[in-house]
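Using the working numbering, you'd call the opening residue of the sequence shown number 1201 and step up by one each time. Backbone N, C-alpha and C fix where the C-beta goes; we use that ideal spot for every residue, glycine too. Report on the following structure.
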Amino acid sequence: MSGPVRTEDVPPDGPPSTPSSPAGAAPGAAIEVVASREATVGDVRVLRALPRRGHRTVGAWCFADHMAPPDPAGGPGGARLDIGPHPHTGLQTVTWLVAGEVVHHDSLGSEQPIRPGQLNLMTAGHGVAHAEESPPGPTAAGAQGVQLWVAQPEGTRHGPAAFEHHADSPRVEVGGTEATVLVGAFAGATSPARRDTDHMGADLLLAAGATCVPLRADHEHALVVLDGPVRVTGPGLDERAVDRGHLAYVAPGPAELTLVTLGGGRALLLGGVPFPEPIVMWWNFVARTHAEVDAARRAWAEGDDRFGAVRSGLGRAPAPPAPPWRLMGR
Ligand code: MN
């Protein structure tokens, strides 16, 4: 549950990542529904909801991978998650499981099993490395959940790395829906998790029928459907059906959304003030310039102590070849 971001995720023919829409877009804008792309992380197939063309960031959220339950047709999920030591810069990883278990090891010395209902939040700053492993044993396959990345703002992205584990996060009932607030505030509940920008994330266990959820009108939002379909509408918004593996994007404006399911569902609500500056994402790095990415890649390739050392039985991820910036359109 960790990158890497490849050119397929962010097609090379566009401008650098920019806020997805102007702040204060009028209510009544359409809800945009975007399909995830299937990607592979280690041996695990995931549904990558972010970044996608047109939506490289939603608030400071810049990456969303869903490790979905395996389906009989051979869909994503189900394999052992064994991701050897690899580096990150300029981002926070938010790991949230809905089934199974993953053990996190990082270069700060953290060794932390994570189970459903618990939150791992790693801040990379100038540099950190970590490994994510399935626990030993034949039943370890099939961890399900999400890994999200949050782009760090200028004020903290060059700073020290950090790691937090929250065994419990605040829960709040909205109608019959149970929301767990992972980051920021939602429906009157506030997560204690570190937050460097004005953003929020909540896991919504949706009741059958309609639930009206409050939104911050100055936030843009994405609803990532983990179990659906979910019908999404709001004041002045057309109704859209959103299936599992799809993301619904809502520009700033509405102060609420109505979510309708037939028999219940599950979705992540991600929101935030549009990120104020363009970012450059490549492999496991979030930066602002190509030169910053190149320097991070070189430091990892050369075993520089920028990223520290991780205690893991798994092999260290090799640095990929230097990105061909000239061919990537910018
Ligand atoms: Mn990672």
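Counting of Cβ neighbours within 10 angstroms places Asp1306 among the buried residues, the total reaching 16 or more. Just measuring C-alpha positions, the residue of Arg1395, His1266, Ala1422 and Pro1313 sitting nearest Val1258 is Ala1422.
If the five residues before and after Leu1470 are omitted, its C-beta is found closer than 6 Å to the C-beta atoms of Val1258, Trp1261, Gly1401 and Ala1422, all from its own chain and listed in chain order. The residue from Pro1392, His1358, Phe1507 and Pro1521 with its alpha-carbon nearest to that of Leu1308 is Phe1507.
Residue burial is scored here from C-beta neighbours: Asp1403 has at least 16 other C-beta atoms within 10 angstroms and is therefore classed as buried. The beta carbon of Val1294 is closer than 6 Å to those of Leu1321 and Leu1348 in its chain, skipping five residues each way along the sequence. Comparing alpha carbon positions, the residue from Gly1376, Val1372, Phe1363 and Ala1379 closest to Arg1395 is Phe1363.
Here Asp1438 is exposed: its Cβ has fewer than 16 other Cβ atoms, across all protein chains shown, within 10 Å. Distance from Ala1501 to Phe1485 at the Cβ level is roughly 13 Å; contact not present, criterion being Cβ atoms closer than 8 Å. DSSP places Ala1407 in no beta strand (DSSP E); its state is neither H nor E. A check of alpha carbon separations from Thr1461 across Gly1327, Ala1324, Val1246 and Cys1412 identifies Cys1412 as the nearest. The shortest CA-to-CA distance from Glu1333 to any of Glu1301, Ala1522 and Ala1367 is the one to Glu1301. The ligand MN has no heavy atom closer than 7 Å to the beta-carbon of Thr1289. Taking non-hydrogen atoms of the ligand MN into account, the C-beta of Thr1293 is found less than 7 Å away from one of them. In the same chain as Ala1389, and ignoring 5 residues on each side of it, the C-beta atoms closer than 8 Å to its own belong to Pro1370, Arg1371, Val1372, Ala1379 and Val1381, in chain order.
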